[in-house]
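Undergrad: Heads up: the sequence shown at position 469 corresponds to 469 in UniProt numbering, and the numbers run straight through without jumps. Could you have a look at this structure, given as structure tokens, before my questions?
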Amino acid sequence: MKKPSKTLPAIAYTIVGHDLAAHLFHVSVTVAAPAEGGQIFALPAWIPGSYMIREFSRNIVRIRAESKGEPVELTKLDKHSWQAAPLADRSAALTVHYEVYAWDLSVRAAHLDQNHGFFNGTSTFLRVLGQEELPHVVDIQRPADEAAAGWRVATSLPELKAKRYGYGTYIASSYDELIDHPVEQGDFALATFKAHGIPHDIVITGRVPNLDLARLSADLKKICETQIAFFEPKTKKAPMDRYVFMTMAVGDGYGGLEHRASTALICNRGDLPTTAARGKDISDGYLQYLGLCSHEYFHTWNVKRIKPAAFAPYNLQVENYSPLLWLFEGFTSYYDDLMLVRAGIIGEPAYFKLLGKTVGSVLRGSGRTKQSVADSSFDAWGKYYRQDENAPNAIVSYYTKGSLIGLALDLSIRAKTGGEKSLDDVMRALWQRYGRDFYTGGGRGVTPAEAEVLFDEISGGRFKPFFDKYIRGTEDLPLAKLLAPFGLKYNDERKSSKPSFDANLGKDGNDCKLSAVHENGAAQQAGLSAGDILIAVDGLRVTATNLDTLLSRYAVGETVEVYAFRRDELMRFDLTLQGDRAPGITLTVEAAGKKSAGPLRPSASR
Ligand SMILES: [Zn+2]
Numbered sequence: 001m002k003k004p005s006k007t008l009p010a011i012a013y014t015i016v017g018h019d020l021a022a023h024l025f026h027v028s029v030t031v032a033a034p035a036e037g038g039q040i041f042a043l044p045a046w047i048p049g050s051y052m053i054r055e056f057s058r059n060i061v062r063i064r065a066e067s068k069g070e071p072v073e074l075t076k077l078d079k080h081s082w083q084a085a086p087l088a089d090r091s092a093a094l095t096v097h098y099e100v101y102a103w104d105l106s107v108r109a110a111h112l113d114q115n116h117g118f119f120n121g122t123s124t125f126l127r128v129l130g131q132e133e134l135p136h137v138v139d140i141q142r143p144a145d146e147a148a149a150g151w152r153v154a155t156s157l158p159e160l161k162a163k164r165y166g167y168g169t170y171i172a173s174s175y176d177e178l179i180d181h182p183v184e185q186g187d188f189a190l191a192t193f194k195a196h197g198i199p200h201d202i203v204i205t206g207r208v209p210n211l212d213l214a215r216l217s218a219d220l221k222k223i224c225e226t227q228i229a230f231f232e233p234k235t236k237k238a239p240m241d242r243y244v245f246m247t248m249a250v251g252d253g254y255g256g257l258e259h260r261a262s263t264a265l266i267c268n269r270g271d272l273p274t275t276a277a278r279g280k281d282i283s284d285g286y287l288q289y290l291g292l293c294s295h296e297y298f299h300t301w302n303v304k305r306i307k308p309a310a311f312a313p314y315n316l317q318v319e320n321y322s323p324l325l326w327l328f329e330g331f332t333s334y335y336d337d338l339m340l341v342r343a344g345i346i347g348e349p350a351y352f353k354l355l356g357k358t359v360g361s362v363l364r365g366s367g368r369t370k371q372s373v374a375d376s377s378f379d380a381w382g383k384y385y386r387q388d389e390n391a392p393n394a395i396v397s398y399y400t401k402g403s404l405i406g407l408a409l410d411l412s413i414r415a416k417t418g419g420e421k422s423l424d425d426v427m428r429a430l431w432q433r434y435g436r437d438f439y440t441g442g443g444r445g446v447t448p449a450e451a452e453v454l455f456d457e458i459s460g461g462r463f464k465p466f467f468d469k470y471i472r473g474t475e476d477l478p479l480a481k482l483l484a485p486f487g488l489k490y491n492d493e494r495k496s497s498k499p500s501f502d503a504n505l506g507k508d509g510n511d512c513k514l515s516a517v518h519e520n521g522a523a524q525q526a527g528l529s530a531g532d533i534l535i536a537v538d539g540l541r542v543t544a545t546n547l548d549t550l551l552s553r554y555a556v557g558e559t560v561e562v563y564a565f566r567r568d569e570l571m572r573f574d575l576t577l578q579g580d581r582a583p584g585i586t587l588t589v590e591a592a593g594k595k596s597a598g599p600l601r602p603s604a605s606r
């Protein structure tokens, strides 16, 4: 590779929402010093944080290359790579122009219309092979469409020649950094607060009547300050200069994706707080939204800086296998709600309710007896992210069981050390050793063995049997036993007398469709299958919502006649009703005052 030209930035992109109605971004990338043998360009096949091959290059509609105004031949090498012909003039720059179709209303790709223009760099910026470590600049241009006349830009990408929230040129020190700052454009709601001195923006796109930005700012400030102080209790120093929470509020949606200095979120507009409910208790929807914000913010440390070795660096063209997602997603899920308690957003009873729900959801599926969380992590690409109707019988979630592993390890360390140490200390040790200097010190990530040994080191105990049974193995966590010393009682209040099909019910218009049937459950034993549409039980019509009511007149063990459509064929079944096997787990405080609620408190040590 030649030395980059002094006058041109090494890698310079332009991006403009060219045709809002056609959902097309026009993008160009100019390479000052293209590779002599012919520069190769590639678009990532996946976006870090969402472990599935998505082949973003399928959204590139037209692509061409030119140098000094003359066309340059571009050869496609594989599904996401192109190579430009070598240039005769070795000092000339090379530019590739392309269109990206942006019509995926999610946090993972790009979405452009008359209301806003959102993009991730993984969907829009071709990687210039061999030059990833050079500075990358991007000129974000205002769409010519009059709908965009009042738009602003929100991103955590540092400005080079742009005002904050303005169109203009932004800069990243490498390709890895460039694609880790999603960009939102639109006529969005905006609020800013400081958490331990660091400015945090809240950006909301989508129509949200009477949005209570003041309440949202106050609540997020508490959560962010709690987390900053959690990782750096002495200095309270955040790992980023600023942070952006960007949310797309929609009719029906839920999700988030973490980045090093921002997060992209999608939620139901009804989940966001309204000024009409000022002073009222937190709603379930708003609580879920704050939990999501807390989750993605915790990732700023745990996975964006403390990383599995398999992600350091990412290989963006193929699957990156790590057996540690139970730690990176599971522990983040453990701490997301816990931080709401520590920040004073919810009380202990509300927290135990959430915890009980998580335990119940893990125990519901028999897949937990077949797949360990280490295997679930490794196979995320093909299984967790590609769930079908058999998922409850075949896989375990490294999020939910992973969060219970966090709880079990937390309780075990506290018990072994008399409350002196906790999982908090493990997280801080991971942060100090692998996370804090990740971007400045050429971080290499943490291996499974390095993570495991930390538990022994911090507790003075021996955790190999725990890892063998519950992380590499498929045993259920002994939560009742672990919770008892802390004055917490684990109750299984399953309503086994309630007759059920033991299947997941879904809707198909006004009809009831079985979305999953559980292994050895009543529906499966009768011969019913996921996808079947229930028509009648003992001659009475089944609708999308009335099955429970119909079954309430029967007792467990009675047999009913069921008619169902499998595709377009009517079938008849004899179904013997089973007791509802869904565990109803509740946690109650037994010995108030003593060691009660130990796991909620930060451990004494620093
Ligand atoms: Zn996560």
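Backbone N, C-alpha and C define an ideal beta-carbon position, used for all residues, glycine too.
1. State yes or no: is the C-beta of Thr332 nearer than 6 angstroms to some heavy atom of ligand 1?
2. Check whether the region 62-70 and the region 266-274 are in contact - that is, three or more C-beta pairs closer than 8 angstroms.
3. Return yes when at least one heavy atom of ligand 1 lies under 6 angstroms from the C-beta of Glu569, else no.
4. Taking contact to mean at least 3 C-beta pairs separated by less than 8 angstroms, is the region 253-260 in contact with the region 45-55?
5. Specify the secondary structure class of Met246 as computed by DSSP and reduced to three states.
6. Measure from the alpha carbon of residue 631 to the alpha carbon of each residue in Pro308, Ala523, Gly402 and Leu477, then state which is nearest.
7. Rounded to whole angstroms, what's the CA-CA distance from Asp89 to Ser173? Just pull it up for me.
8. Is the beta carbon of Glu329 within less than 6 angstroms of some heavy atom of ligand 1?
9. Give me the residue from Val303, Val517, Ile198 and Ala312 with the minimum Cα distance to Ser333.
10. Can you tell me which residues form a DSSP beta bridge with Ile140?
11. Consult DSSP for Gly460 and reduce its assignment to one of helix, strand or coil.
12. Starting from Ala191 and walking both ways along the beta strand (DSSP E), at which residues does that stretch end?
13. So for Asp425, helix, strand or coil by DSSP?
14. Sort Arg305, Gln227 and Asn210 by Cα distance to Asp180 and report the nearest one.
15. According to DSSP, is Ala154 helix, strand or coil?
16. So what's Glu133 in DSSP terms, helix, strand or just coil?
17. Of the residues Leu528, Gly17, Gly37 and Tyr167, which one's Cα is nearest the Cα of Ala110?
18. Checking 7 angstroms against the spacing of the C-beta atoms, do Pro583 and Asp492 come in under that value?
19. Report yes if the C-beta distance between Gly285 and Val250 is below 7 angstroms; otherwise report no.
20. Three-state secondary structure (DSSP) at Thr543?
21. Once the 5 residues before and after Pro34 are set aside, which same chain residues still bring their CB inside 7 angstroms of it?
22. Note down, in chain order, each residue of its chain lying with its Cβ closer than 6 angstroms to the Cβ of Ala408, except the 5 sequence neighbours on either side.
23. Please classify Val318: is it buried, with 16 or more other beta-carbons within 10 angstroms of its beta-carbon, or exposed?
24. With 7 angstroms as the threshold, decide whether the Cβ of Thr75 is near any Cβ in chain D.
25. Considering only the alpha carbon of each residue, which of Thr14, Arg364 and Thr274 lies closest to Gly168?
26. Using C-beta distances below 6 angstroms, list every residue in its chain close to Tyr434, excluding the 5 sequence neighbours before and after it, in chain order.
27. I'd like to confirm the pairing. Which residues does DSSP put opposite Thr576 in its beta bridges?
28. Rank Ala503, Gly406 and Leu575 by C-alpha distance to the C-alpha of Ser366 and give the top, closest one.
29. Who does Glu99 pair with in a DSSP beta bridge?
30. What's the call for Leu540, buried or exposed, on a 16-neighbour Cβ count within 10 Å?
31. For Ile11 and Pro143, what's the separation of their Cα atoms in angstroms?
32. Would you list the residues sitting across from Val183 in a DSSP beta bridge?
33. Does the region 123-143 come close enough to the region 21-38 to have 3 or more Cβ pairs within less than 8 angstroms?
34. Quick one, are the C-beta atoms of Leu534 and Ala564 less than 7 angstroms apart?
35. Confirm, please, whether the CB-CB distance from Leu587 to Leu355 is below 7 angstroms.
36. Is the separation between the beta-carbon of Leu290 and that of Asp219 shorter than 7 angstroms?
TA: Let's see:
1. Working through the sequence shown from its first residue, we reach residue 332 at position 332. Yes, since a heavy atom of ligand 1 falls inside the 6 angstroms radius drawn around the Cβ of Thr332.
2. Touching, no.
3. Indexing the sequence shown from 1 puts residue 569 at position 569. Taken from the Cβ of Glu569, every heavy atom of ligand 1 lies 6 angstroms or farther away.
4. Judged by Cβ distances under 8 angstroms, the region 253-260 makes contact with the region 45-55, as three or more pairs qualify.
5. Residue mapping note: residue 246 aligns to position 246 of the sequence shown, counting from 1. Assignment of Met246 by DSSP, reduced to helix, strand and coil, places it in the strand class.
6. Residue 631 is absent from the structure shown; the chain starts at 1 and stops at 606.
7. Along the sequence shown, read from residue 1 onward, the residue named residue 89 stands at position 89. Along the sequence shown, read from residue 1 onward, the residue named residue 173 stands at position 173. Each residue's Cα considered, the two are about 27 angstroms apart.
8. Walking along the sequence shown from the start, residue 329 turns up at place 329. At least one heavy atom of ligand 1 is nearer than 6 angstroms to the Cβ of Glu329, so yes.
9. Locating residue 333 in the sequence shown gives position 333, where the first residue counts as 1. Of the residues Val303, Val517, Ile198 and Ala312, the one whose Cα lies closest to the Cα of Ser333 is Val303.
10. One-based indexing of the sequence shown puts residue 140 at position 140. Beta-bridge annotation (DSSP): Ile140 is paired with Ile15 and Gly168.
11. Stepping through the sequence shown from its first residue, residue 460 is reached at position 460. Three-state result, Gly460: coil.
12. Residue numbering aside, residue 191 sits at position 191 when the sequence shown is read from its first letter. Counting along the chain, the unbroken beta strand (DSSP E) around Ala191 starts and ends at Ala189 to Ala195.
13. Counting from one through the sequence shown, the residue named residue 425 turns up at place 425. Looking at Asp425 - three-state DSSP - the assignment turns out to be helix.
14. Locating residue 180 in the sequence shown gives position 180, where the first residue counts as 1. Closest by alpha carbon: Arg305.
15. As a first step, residue 154 must be located in the sequence shown, where it is residue number 154. When DSSP states are grouped into helix, strand and coil, Ala154 belongs to the strand group.
16. On the sequence shown, residue 133 is found 133 positions in, with the first residue counted as 1. Three-state DSSP puts Glu133 in coil, outside helix and strand.
17. In the sequence shown, the residue the question calls residue 110 occupies position 110. When C-alpha distances from Ala110 are compared across Leu528, Gly17, Gly37 and Tyr167, the shortest belongs to Gly17.
18. For the purposes of this step, residue 583 is identified with residue 583 of the sequence shown, where counting begins at 1. For the purposes of this step, residue 492 is identified with residue 492 of the sequence shown, where counting begins at 1. It is a contact, given that the beta carbons lie within the stated cut-off.
19. Counting from 1 along the sequence shown, the entry for residue 285 is found at position 285. Counting from 1 along the sequence shown, the entry for residue 250 is found at position 250. No, the pair does not count as a contact, with Cβ atoms beyond the cut-off.
20. Here residue 543 corresponds to residue number 543 of the sequence shown, with the count starting at 1. Here DSSP, grouped into helix, strand and coil, assigns Thr543 to coil.
21. Looking up residue 34 in the sequence shown gives position 34. Ala84, Leu87 and Leu94.
22. As a first step, residue 408 is located in the sequence shown; it is residue number 408 there, counting from the start. Its chain contains Leu477 and Leu482 as the residues whose beta carbon lies nearer than 6 angstroms to that of Ala408, once the 5 sequence neighbours on both sides are disregarded; these appear in chain order.
23. By one-based count along the sequence shown, residue 318 stands at place 318. Residue environment: Val318 is assigned as exposed (fewer than 16 neighbouring CB atoms within 10 Å of its CB, all protein chains considered).
24. Absent from the structure is chain D; it holds one protein chain and no more.
25. Position 168 of the sequence shown, counted from the first residue, corresponds to residue 168. If you compare the alpha carbons of Thr14, Arg364 and Thr274 with that of Gly168, the shortest gap goes to Thr14.
26. If you number the sequence shown from 1, residue 434 lands on position 434. Closer than 6 angstroms at Cβ, skipping near neighbours: Ile306 and Val446.
27. The residue you call residue 576 lines up with position 576 of the sequence shown. Answer by DSSP bridge pairing, in chain order: Thr559.
28. As a working note, residue 366 is residue 366 in the sequence shown. Looking at the Cα atoms, Ala503 is the closest of the given residues.
29. Along the sequence shown, one-based indexing puts residue 99 at 99. The bridge partners DSSP lists for Glu99 are His26.
30. On the sequence shown, residue 540 is found 540 positions in, with the first residue counted as 1. With fewer than 16 Cβ atoms within 10 Å of its Cβ, Leu540 is classed as exposed.
31. Here residue 11 is taken as the residue at index 11 of the sequence shown, counted from 1. Here residue 143 is taken as the residue at index 143 of the sequence shown, counted from 1. Cα to Cα, the separation comes out at about 22 angstroms.
32. On the sequence shown, position 183 is the one that residue 183 refers to. Val183 is bridged by DSSP to Phe119 and Thr155.
33. Using a Cβ-Cβ distance cut-off of 8 angstroms, the region 123-143 and the region 21-38 are in contact, since at least three pairs of beta carbons, one from each stretch, lie closer than that value.
34. The residue given as residue 534 occupies position 534 in the sequence shown. The residue given as residue 564 occupies position 564 in the sequence shown. Contact: yes.
35. Taking the sequence shown and counting its residues from 1, the one referred to as residue 355 is at position 355. Taking the sequence shown and counting its residues from 1, the one referred to as residue 587 is at position 587. The beta carbons of Leu355 and Leu587 sit closer together than 7 angstroms.
36. Here residue 290 is taken as the residue at index 290 of the sequence shown, counted from 1. Here residue 219 is taken as the residue at index 219 of the sequence shown, counted from 1. Yes.
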